[in-house]
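Student: Starting off with a structure, shown below.
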Amino acid sequence: MKNNPVFYIIPIIFSLVGIGMLLGGYFAPPGSLTDDGYPLNYFLYAMGAFFIIFPNLLIIIIGYFGRQNAQNIAGLKANGLKGKARVMHMRRTGVSINDIPQVVLQLRITTDMGEQFTVDYKKCIDPLYYNLITPDRDLMVYINRENKKEVYLDLETEWARLAKG
Numbered sequence: 071m072k073n074n075p076v077f078y079i080i081p082i083i084f085s086l087v088g089i090g091m092l093l094g095g096y097f098a099p100p101g102s103l104t105d106d107g108y109p110l111n112y113f114l115y116a117m118g119a120f121f122i123i124f125p126n127l128l129i130i131i132i133g134y135f136g137r138q139n140a141q142n143i144a145g146l147k148a149n150g151l152k153g154k155a156r157v158m159h160m161r162r163t164g165v166s167i168n169d170i171p172q173v174v175l176q177l178r179i180t181t182d183m184g185e186q187f188t189v190d191y192k193k194c195i196d197p198l199y200y201n202l203i204t205p206d207r208d209l210m211v212y213i214n215r216e217n218k219k220e221v222y223l224d225l226e227t228e229w230a231r232l233a234k235g
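Rendered as structure tokens:
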């Protein structure tokens with residue numbers, strides 16, 4: 071997200087429009103009204119503030135949750151239990167985000183310490199990775215030590231391992 075220029079360009083554009091509306095409100099002739107009969111300067115002040123505050127607030131919120139997710143994954147990789155997972159069952163939920171379907175994988179996980187348990191893992195998984203999700207393949211997972219239901223299925227590592235040969 072840091073390298074995506076859209077997250078910098080869009081708030082700048084909206085802020086410039088908002089500043090233009092604030093200036094328009096300041097320079098609006100006294101007594102001028104909108105079509106609804108409200109004072110034009112107050113309308114432009116409100117719209118300008120909205121155009122400045124809302125996009126920037128939205129980018130801050132998206133950035134916060136994106137960082138939280140990245141830190142959670144990094145924490146699981148650094149401090150979590152490593153394990154192998156086998157896919158017992160895979161089904162689509164019917165939800166697609168950016169044409170990437172969300173699936174529920176029923177995983178049988180075996181930790182490096184030999185503990186076995188079953189977890190339902192729901193995530194949007196690119197169809198590119200579907201050839202990795204077979205019942206005869208062990209997949210790398212990272213498991214939260216306190217909550218065994220919180221796992222991270224590391225498909226990127228598996229894809230890189232497959233590409234190497």
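Per the working numbering, the very first residue in the sequence shown carries number 71; after that it's consecutive.
C-beta: ideal position from N, C-alpha, C; glycine also.
All of these numbers come straight from a predicted model, not from anything done at the bench.
Does the Cβ of Tyr-212 have 16 or more other Cβ atoms within 10 Å, making it buried, or fewer, making it exposed?
Tutor: Label assigned to Tyr-212: buried.
Student: Expressed to the nearest angstrom, what Euclidean distance is found between the alpha-carbon atoms of Ala-98 and Ile-79?
Tutor: Roughly 28 Å separates the two Cα atoms.
Student: Could you tell me the distance, in whole angstroms, from the CA atom of Arg-178 to the CA atom of Asp-169?
Tutor: Their backbone Cα atoms lie some 28 Å apart in a straight line.
Student: Under three-state DSSP, which class holds Arg-231?
Tutor: Note: Arg-231 maps to helix in three-state DSSP.
Student: Helix or strand or just coil, what does DSSP make of Arg-137?
Tutor: Looking at Arg-137 - three-state DSSP - the assignment turns out to be helix.
Student: Consult DSSP for Ile-167 and reduce its assignment to one of helix, strand or coil.
Tutor: Strand at Ile-167.
Student: Using a Cβ-Cβ cut-off of 6 Å (strictly less than) and excluding sequence neighbours within five positions of Asn-126, which residues of its own chain qualify?
Tutor: The residues are Pro-81.
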